[in-house]
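Here is the structure we will look at.
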Amino acid sequence: MDPFLLEAVLNGVLLGGVFALPVLGLNLVFGVVDVIWLCYAELVMVGMYIVWFLHTQAGWPLALAFATCLPAIAVLGLLLHLLVVRPLLAAPPINQVLATGGVLFVLQGAATLVFSTDFRSLGVEMPPIELGEVFVSGTKLAAFVAALLGAAVLWAFLKFTYVGTAIRAIARDREVMPLMGVDPHRIYLIASAAGGALAGLAACLLVVQLDVHPFVGLSFGPITFMICVMGGLGNMLGGFLAAFLMGLIVSVGGFYGDTDMSYVVAFLFFILVMFIRPQGLFTR
Amino acid sequence: MSGVGTLELSGIHAGYGDFQALFGVDLRVEPGEAVGVVGPNGAGKTTLLRVISGLIRASAGTLRFGGADLAAVPAHELPVLGIAHVPENRRLFPQLTVEENLKVGAYIKSARARFQERRDHVFELFPRLKQRRHQLAGTMSGGEQQMCAIGRALMSGPRILLLDEPSAGLAPLVVQQVFDLVRRIRQEGLTVLIVEQNVAQVLRVVDRAYVLETGRVAAEGASAALAADPAIRRSYLGGALSAWIPSCWRPC
Ligand SMILES: Nc1ncnc2c1ncn2[C@@H]1O[C@H](COP(=O)(O)OP(=O)(O)OP(=O)(O)O)[C@@H](O)[C@H]1O
Ligand SMILES: [Mg+2]
Chain W
1 MDPFLLEAVL
11 NGVLLGGVFA
21 LPVLGLNLVF
31 GVVDVIWLCY
41 AELVMVGMYI
51 VWFLHTQAGW
61 PLALAFATCL
71 PAIAVLGLLL
81 HLLVVRPLLA
91 APPINQVLAT
101 GGVLFVLQGA
111 ATLVFSTDFR
121 SLGVEMPPIE
131 LGEVFVSGTK
141 LAAFVAALLG
151 AAVLWAFLKF
161 TYVGTAIRAI
171 ARDREVMPLM
181 GVDPHRIYLI
191 ASAAGGALAG
201 LAACLLVVQL
211 DVHPFVGLSF
221 GPITFMICVM
231 GGLGNMLGGF
241 LAAFLMGLIV
251 SVGGFYGDTD
261 MSYVVAFLFF
271 ILVMFIRPQG
281 LFTR
Chain P
285 MSGVGTLELS
295 GIHAGYGDFQ
305 ALFGVDLRVE
315 PGEAVGVVGP
325 NGAGKTTLLR
335 VISGLIRASA
345 GTLRFGGADL
355 AAVPAHELPV
365 LGIAHVPENR
375 RLFPQLTVEE
385 NLKVGAYIKS
395 ARARFQERRD
405 HVFELFPRLK
415 QRRHQLAGTM
425 SGGEQQMCAI
435 GRALMSGPRI
445 LLLDEPSAGL
455 APLVVQQVFD
465 LVRRIRQEGL
475 TVLIVEQNVA
485 QVLRVVDRAY
495 VLETGRVAAE
505 GASAALAADP
515 AIRRSYLGGA
525 LSAWIPSCWR
535 PC
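So the protein sequences, as listed, match chains W and P.
Each residue of the first sequence is one higher than the one before, starting from 1 at the first, in our numbering.
Each residue of the second sequence is one higher than the one before, starting from 285 at the first, in our numbering.
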């Protein structure tokens with residue numbers, strides 16, 4: 001196989017791993033709370049600024065900046081739920097979408113106000129790693145491994161803990177949950193914090209690969225939503241697999257054409273999926 | 285003061301929005317008793333259980349369990365007090381395995397520590413569930429699902445079990461198994477309040493029963509007395525029996 005094509009395939013897998021985190025976070029929140037956080041990519045953007053600020057401006061070690069970003073965005077997720085989503089739980093879905101969409105603009109505006117529209121770079125790069133004939137960016141590989149670890153922790157939480165099992169149950173039938181002693185509002189809070197934490201982790205992995213600016217969310221937000229819908233909204237495993245599929249399409253598409261072209265291909269593929277399997281690729 | 289685990293409803297009014305379904309229901313279940321609630325479709329039987337387990341609030345009247353007023357207790361804290369409710373149509377989590385369904389049933393703090401012990405007890409009550417512990421609940425037969433729903437409710441270690449039409453939609457043989465099970469649960473000292481359409485069967489299991497009609501208690505009494513009451517026989521028992529007899533053989 002052409003080593004450059006192999007490299008593109010490998011990069012696609014690595015990219016898929018990074019797409020997977022926000023996809024899992026969005027699906028988790030949607031599955032449990034039944035609300036779409038339209039501002040999800042902007043939570044990631046805030047996290048990227050936190051890491052950038054703490055590391056380059058406040059001079060904190062990178063690990064400490066990462067360790068702060070995660071809980072900070074988890075708290076942001078909690079606040080988003082308490083202040084915006086919870087008051088609208090009984091409202092029509094369109095109101096909820098518009099409200100979280102409003103938060104998207106608020107966060108973009110606030111970031112512009114505080115940090116201006118400049119592109120900010122973390123300036124961290126790990127040396128490339130040679131795997132046989134191909135080179136892989138060390139940063140991307142590290143981000144990929146961290147993303148898989150994050151996904152594994154989420155999986156174990158959902159699979160083995162009481163709260164995680166209740167989270168999977170509530171996605172199917174919220175009305176009977178109180179009969180098992182489960183307070184749905186507490187579960188909503190936990191899912192929102194976990195969704196935020198996943199955005200925080202995604203921020204750590206993205207800020208080492210992308211410059212941060214107030215509109216950086218636009219570069220991965222739309223594709224994240226597309227992947228969620230393609231995998232079946234609320235379907236964690238489907239979203240996870242679709243993330244890798246999309247990563248491959250973007251990366252291999254970029255190998256045959258250019259990167260902008262590859263996004264066009266990806267969006268066309270998405271539209272095609274919506275015609276053929278509107279319920280999602282991996283929905284049984 | 286009423287006994288440790290007495291369930292006491294007096295003058296309960298409840299409904300959905302503007303629609304009123306219960307009109308001043310009085311009901312009492314003593315600890316260790318098995319009590320039935322029977323009545324036609326739409327009488328308010330499910331609504332009554334939903335009021336007891338806090339899923340809907342009474343608009344008037346008092347609801348007490350073990351002497352404590354439940355008016356201000358949120359629904360999710362009632363399992364902690366010892367109330368478990370097997371809802372109408374079972375409402376299992378179909379995408380979760382049998383064992384995971386039991387795990388959700390053991391969600392409350394006091395139950396988590398005793399998960400294994402209670403799960404093994406449930407498996408002993410329903411050996412079928414043990415065989416199918418890793419099967420998705422939604423893929424089991426109706427009877428197995430009902431067993432799983434009852435098992436899930438037992439996992440919280442309740443003092444009173446509310447059962448909403450456990451025999452609905454099951455084949456006669458399986459219905460028999462469900463009622464045998466209710467008998468066994470009783471013998472273990474659990475208090476049972478059971479709603480049923482299957483009047484003939486339920487009167488053989490419970491000590492007392494209430495007849496609910498359009499949201500009001502139309503009759504109440506010991507099972508034997510109700511089973512012998514001509515009016516009850518005509519409205520409920522006759523109907524239940526005649527369903528199995530070709531119409532040409534039926535009297536009148
Ligand atoms: N969610 C609801 N919203 C509005 N009305 C309801 C609702 N649930 C029940 N009702 C109405 O309340 C009345 C009592 O219903 P309920 O379900 O308690 O009856 P039931 O005795 O359990 O009947 P069945 O034997 O068919 O289960 C019915 O007239 C029903 O239409
Ligand atoms: Mg009913």
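Where is the CB? At the ideal position from N, CA and C, for every residue including glycine.
On a predicted model such as this, the values are computed, not experimentally measured, just so you know.
Contacts that residue i makes with chain W (C-beta to C-beta distance below 7 Å)
i	result
residue 388 of chain P	165, 166, 169 and 180
residue 360 of chain P	178, 181, 182 and 183
residue 384 of chain P	165
Buried versus exposed, by CB contacts within 10 Å (16 or more), residue i
i	result
residue 450 of chain P	buried
residue 27 of chain W	buried
residue 528 of chain P	Per-residue confidence for residue 528 of chain P stands at a pLDDT of 45, beneath the threshold of 50, marking its modelled position as unreliable; no derived number is given.
residue 165 of chain W	buried
residue 261 of chain W	exposed
residue 337 of chain P	buried
residue 526 of chain P	Residue placement at residue 526 of chain P is flagged as unreliable, the pLDDT there being 45, under the threshold of 50; a coordinate-derived value is accordingly withheld.
residue 470 of chain P	buried
residue 264 of chain W	exposed
residue 96 of chain W	buried
residue 175 of chain W	exposed
residue 488 of chain P	exposed
residue 472 of chain P	exposed
residue 253 of chain W	buried
residue 353 of chain P	exposed
residue 313 of chain P	buried
residue 492 of chain P	buried
residue 8 of chain W	buried
residue 531 of chain P	Legend: pLDDT at residue 531 of chain P = 44, less than 50; position of this residue unreliable, value from coordinates given subsequently. Exposed is the call here.
residue 285 of chain W	Residue 285 of chain W cannot be examined here, being either before or after the span of chain W that is shown, 1 to 284.
Contact set between residue i and chain P, taken where Cβ atoms lie within less than 8 Å
i	result
residue 173 of chain W	375 and 377
Inter-residue CB distance, residue i and residue j (contact presumed, cutoff 8 Å)
i	j	result
residue 231 of chain W	residue 280 of chain W	6 Å
residue 516 of chain P	residue 495 of chain P	7 Å
residue 484 of chain P	residue 438 of chain P	Not a contact, Cβ separation roughly 26 Å.
residue 295 of chain P	residue 344 of chain P	6 Å
residue 421 of chain P	residue 465 of chain P	With 8 Å as the limit, residue 421 of chain P and residue 465 of chain P do not qualify as a contact, their Cβ atoms being about 18 Å apart.
residue 168 of chain W	residue 158 of chain W	6 Å
residue 490 of chain P	residue 359 of chain P	With 8 Å as the limit, residue 490 of chain P and residue 359 of chain P do not qualify as a contact, their Cβ atoms being about 25 Å apart.
residue 282 of chain W	residue 241 of chain W	6 Å
residue 593 of chain P	residue 499 of chain P	Examination of residue 593 of chain P is not possible in this model, given that chain P is present from 285 through 536 alone.
residue 441 of chain P	residue 512 of chain P	Residue 441 of chain P to residue 512 of chain P, Cβ: 37 Å. No contact.
residue 217 of chain W	residue 45 of chain W	5 Å
residue 486 of chain P	residue 320 of chain P	5 Å
Neighbour list for residue i in chain P, Cβ cutoff strictly below 7 Å
i	result
residue 162 of chain W	387, 391 and 396
residue 176 of chain W	371 and 375
Chain W residues whose Cβ lies nearer than 8 Å to that of residue i
i	result
residue 440 of chain P	180 and 181
residue 301 of chain P	Result: empty, since nearest Cβ-Cβ is about 13 Å, beyond 8 Å.
residue 338 of chain P	178
Residue-level contact to chain B via CB, residue i, 8 Å cutoff
i	result
residue 493 of chain P	No chain B is part of this structure, whose protein chains are labelled W and P.
Where residue i meets chain W, residues with beta-carbon distance less than 9 Å
i	result
residue 405 of chain P	Chain W residues near residue 405 of chain P: none, gap ~18 Å exceeds 9 Å.
residue 364 of chain P	181
residue 380 of chain P	165, 168, 169 and 172
* To do: Taking 7 Å as the limit, tell me which residues put their C-beta closer than that to any heavy atom of ligand 2, in chain order.
  => P/329, P/330, P/372, P/448, P/449 and P/479
* Asked: Which parts of the stretch 8-86 of chain W are runs of the alpha helix (DSSP H), unbroken and 4 residues or longer, counting only runs that do not cross its ends?
  -> 40-52 and 62-79
* Tell me the start and end of each unbroken alpha helix (DSSP H) in the stretch 442-519 of chain P that is at least 4 residues and wholly inside, in chain order. => Entirely contained in the stretch 442-519 of chain P, the alpha helix (DSSP H) runs reaching 4 residues are, in chain order, 456-471, 483-489 and 507-512.
* What residue ranges within the stretch 81-157 of chain W form continuous beta strand (DSSP E) runs of no fewer than 3 residues, ordered along the chain? -> 129-131 and 134-136
* To do: Would you list, in sequence order, the uninterrupted alpha helix (DSSP H) runs of no fewer than 4 residues that lie entirely inside the stretch 168-212 of chain W?
  => 184-207
* Asked: Which residue spans inside the stretch 329-372 of chain P form an unbroken alpha helix (DSSP H) run of at least 4?
  -> As far as the stretch 329-372 of chain P is concerned, its whole alpha helix (DSSP H) runs of at least 4 residues are 329-336 and 362-365.
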